[in-house]
Amino acid sequence: MATTSDRASRSEELRHYRMLVDGEWVEASSGETFESVDPYTGRTWATIPEASDSDVDAAVKAAQRALDGPWGRLSGVERARLIRRLAEEIDAHAEQLAVTETTDNGKVIREMLGQLKNLPEWYYYFAGAADKIQGETIPSSIPNYFIYTLREPVGVIGAITPWNSPLLVTSYKLAPALAAGCTFVLKPAEQTSASALEFGKLFEAAGFPPGVFNVVTGHGPTTGGALAKNPGVQKVVFTGSSATGRQVMKDASDHLAQVTLELGGKSPNIVFADADLEAAANGAIAGIFAAAGQTCVAGSRLLVQAEVYDELIDRVVAKARAIQLGDPLLQETEMGPIAFREQWEKIKDYIAIGENEGATLAYGGRVPDRSDLQEGFFLEPTVFTDVDNQMRVAREEIFGPVLTVIPFENEEKALEIANDSVYGLAAGVWTSNLQRGHRMAQALQAGTVWLNSYRNIGFNVPFGGYKESGIGRENGLEAIHEFTQVKSVWVELSGATRDPFRLG
Ligand code: NAI
Ligand code: MG
5 MATTSDRASR SEELRHYRML VDGEWVEASS GETFESVDPY TGRTWATIPE ASDSDVDAAV
65 KAAQRALDGP WGRLSGVERA RLIRRLAEEI DAHAEQLAVT ETTDNGKVIR EMLGQLKNLP
125 EWYYYFAGAA DKIQGETIPS SIPNYFIYTL REPVGVIGAI TPWNSPLLVT SYKLAPALAA
185 GCTFVLKPAE QTSASALEFG KLFEAAGFPP GVFNVVTGHG PTTGGALAKN PGVQKVVFTG
245 SSATGRQVMK DASDHLAQVT LELGGKSPNI VFADADLEAA ANGAIAGIFA AAGQTCVAGS
305 RLLVQAEVYD ELIDRVVAKA RAIQLGDPLL QETEMGPIAF REQWEKIKDY IAIGENEGAT
365 LAYGGRVPDR SDLQEGFFLE PTVFTDVDNQ MRVAREEIFG PVLTVIPFEN EEKALEIAND
425 SVYGLAAGVW TSNLQRGHRM AQALQAGTVW LNSYRNIGFN VPFGGYKESG IGRENGLEAI
485 HEFTQVKSVW VELSGATRDP FRLG
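First residue of the sequence shown? That's 5 in this note's numbering, and the numbers climb one at a time after it.
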């Protein structure tokens, strides 16, 4: 049972955070604040400023000044040096940041420590790219011209991020943006703003000029909307639901800002009869119960070939039953609470929908009755079997620990069901047949495919969605292109005066 000695410490006093604008720690100009709630205790543990349109505008203007000023004048080598220092600062504060994130979103400390301890790698990798962003020379098609390109920063980036992996998802955007020479205004999710504000302190310590990284906090439609609509923002980068992504894209389109959108998923995790069933069952658990299913790549549809359908369900249910629910700050806890009340209610609604649609509740589905779990937003790991891919629980993103298991007959059918979704973020395939694995990888409509694995993400590997799962790519060298724009320069070499009425 829980002991206090191996638990990271939970803050007892109510903390107040300030926003970071132009290197200064500021309150909202209105003086308004909102509360951050620990989903394990159900208690408010911090208060956060609620930024208005004018606060957002001040941050965007500061980011523009940094771009026009000292930051914009740095070479890639100098940017790389600062980004590496930031990585060292993150490394030194990883544990504290992990505890803050777990306190805010209830994700288990195992997962958050893993994310935060790995976070410096994003900055080292992109620091390595910062001094290799270069144009090319293009041989001219007409005489006496020298033509070259410059790869320049897009400008001020407005980032809007979700609550499930706050600083990891921020870093997908921030590390390449800094490498490219952009400046940044972050609007973290209202449920998890504290870690972004603690993170902001590291910029000062690393020696960045003011205004390169700004954090404005507040609610989605107001503060987030103000950022997406601000004409000083050259690009809006967003992770969250597809519905909000659509709104953000509309708002950005008013001033023709570019967008990168990482949206939802309903990712298929496909198990063939020839697979290693123990590994596949383990992968199914990783896909849906890690992070209590609150991840964009959740393997929420488990497609299982008929011959091994019963056996695989038995294995998955046995593993689901063994999952340790508890205090997310304890090392041994495997599933914590759902991040906040509305999300918890939403998931419970979907469980009722699944039952009404005629899916079989093979395991879970209830709020656990353990006395130590009554303050938090807990749910049992839930397994629905005999699911039809047309049911709402198979089509809509639930974003919680709810697995839908769908049987299939053969490879062709598996592919048809897998691709019959508006989403296309990720997919898993479990098979011992090499040809089949690669055939599936090519035919699946998804930005990431895992063969005999699930839920790998790397700073060096492009990540993003097909179909309604998103636009653009994060991570890997691809990400540098998202934050740079190309300028072409033509140089006349002969000194002659040319025909003014002829193009070319
Ligand atoms: P959301 O997509 O509404 O929120 C994500 C971010 O967008 C937050 O920072 C929020 O403040 C901001 N936001 C909300 N409305 C906005 C607007 N009109 N303009 C600008 N910014 C806005 O997600 P929410 O409401 O927290 O969760 C709802 C559902 O979204 C979840 O149940 C889940 O299905 C999905 N979701 C998916 C994520 C993913 O990574 N695929 C991450 C978070 C949520
Ligand atoms: Mg929302």
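Glycine residues also receive a C-beta, built at the ideal position from the N, C-alpha and C atoms.
What you are looking at is a predicted structure, and each value in this text was computed from that prediction instead of being measured.
Beta-carbon proximity list for residue i, same chain, < 6 Å, skipping 5 on both sides
{"i": "Tyr127", "result": "Ile87, Leu90, Ala91, Ala179"}
{"i": "Pro124", "result": "Ala91, Ile94, Asp95"}
{"i": "Thr141", "result": "Tyr152"}
{"i": "Pro214", "result": "Asp26, Gly27"}
{"i": "Leu507", "result": "none"}
{"i": "Gly516", "result": "Residue 516 lies beyond the stretch modelled for the chain, which goes from 5 to 508, so this question has no answer here."}
{"i": "Glu379", "result": "Thr45, Gly46"}
{"i": "Glu516", "result": "As displayed, the chain neither begins before 5 nor continues past 508, which places residue 516 out of reach and without an answer."}
Residue i: CB within 7 Å of a non-hydrogen atom of the ligand NAI
{"i": "Ala232", "result": "yes"}
{"i": "Val263", "result": "no"}
{"i": "Gln119", "result": "no"}
{"i": "Ser13", "result": "no"}
{"i": "Lys350", "result": "yes"}
{"i": "Pro43", "result": "no"}
{"i": "Phe403", "result": "yes"}
{"i": "Cys300", "result": "yes"}
{"i": "Trp167", "result": "yes"}
{"i": "Leu267", "result": "yes"}
{"i": "His223", "result": "yes"}
{"i": "Ser245", "result": "yes"}
{"i": "Gln378", "result": "no"}
{"i": "Ala285", "result": "no"}
{"i": "Pro192", "result": "yes"}
{"i": "Gln100", "result": "no"}
{"i": "Ile461", "result": "no"}
{"i": "Gly468", "result": "no"}
{"i": "Ile164", "result": "yes"}
{"i": "Gly451", "result": "no"}
{"i": "Gly229", "result": "yes"}
{"i": "Thr386", "result": "no"}
{"i": "Val30", "result": "no"}
{"i": "Val252", "result": "yes"}
{"i": "Thr48", "result": "no"}
{"i": "Thr248", "result": "yes"}
{"i": "Gln347", "result": "yes"}
Own chain, CB closer than 7 Å to residue i, minus 5 neighbours either side, in chain order
{"i": "Val391", "result": "Ala363, Val397, Ala398, Thr408, Val409, Ile410"}
{"i": "Leu455", "result": "Val433, Gly441, Ala445"}
{"i": "Gly468", "result": "Glu266, Gly451, Gly474, Gly476, Arg477, Glu478"}
{"i": "Tyr313", "result": "Pro411"}
{"i": "Gln439", "result": "none"}
Cut-off 8 Å between Cβ atoms - residues of its own chain near residue i, not counting five sequence neighbours on either side
{"i": "Ala283", "result": "Trp434, Asn456"}
{"i": "Gln328", "result": "Glu336, Thr337, Glu338, Met339"}
{"i": "Asp280", "result": "Trp434, Ser436, Asn456"}
Interface flag, residue i vs chain C, CB-CB below 8 Å
{"i": "Gly215", "result": "Any reference to chain C falls outside this structure, which holds one protein chain only."}
Does the structure place the segment 62-72 close enough to the segment 152-167 that three or more beta carbon pairs sit under 8 Å?
yes
Counting beta carbon pairs with one atom in the segment 127-136 and one in the segment 352-364, are three or more of them shorter than 8 Å?
no
Next on the checklist: Which runs of the beta strand (DSSP E) at least 3 residues long sit entirely within the segment 116-166? Give them in chain order.
Outcome noted: 149-157, 160-164
| said: Please give me, in chain order, every unbroken run of the alpha helix (DSSP H) with length at least 4 that falls completely inside the segment 351-418. | reply: 396-399
Cβ pair count under 8 Å reaching 3, the segment 464-479 against the segment 318-331: no
Runs of 4 residues minimum, wholly inside the segment 254-316: which ones carry the alpha helix (DSSP H) assignment?
Complete alpha helix (DSSP H) runs here, min 4: 281-292.
Next on the checklist: My parser needs the alpha helix (DSSP H) runs of 4 or more residues fully inside the segment 433-462; what are they?
Outcome noted: 438-447
Q.
As an exercise, report each continuous beta strand (DSSP E) stretch of at least 3 residues that is fully enclosed by the segment 185-229, in chain order.
A. 187-191, 217-219
Check your understanding: Are there three or more Cβ pairs, one per stretch, closer than 8 Å when the segment 296-316 is compared with the segment 423-432?
Key -> yes
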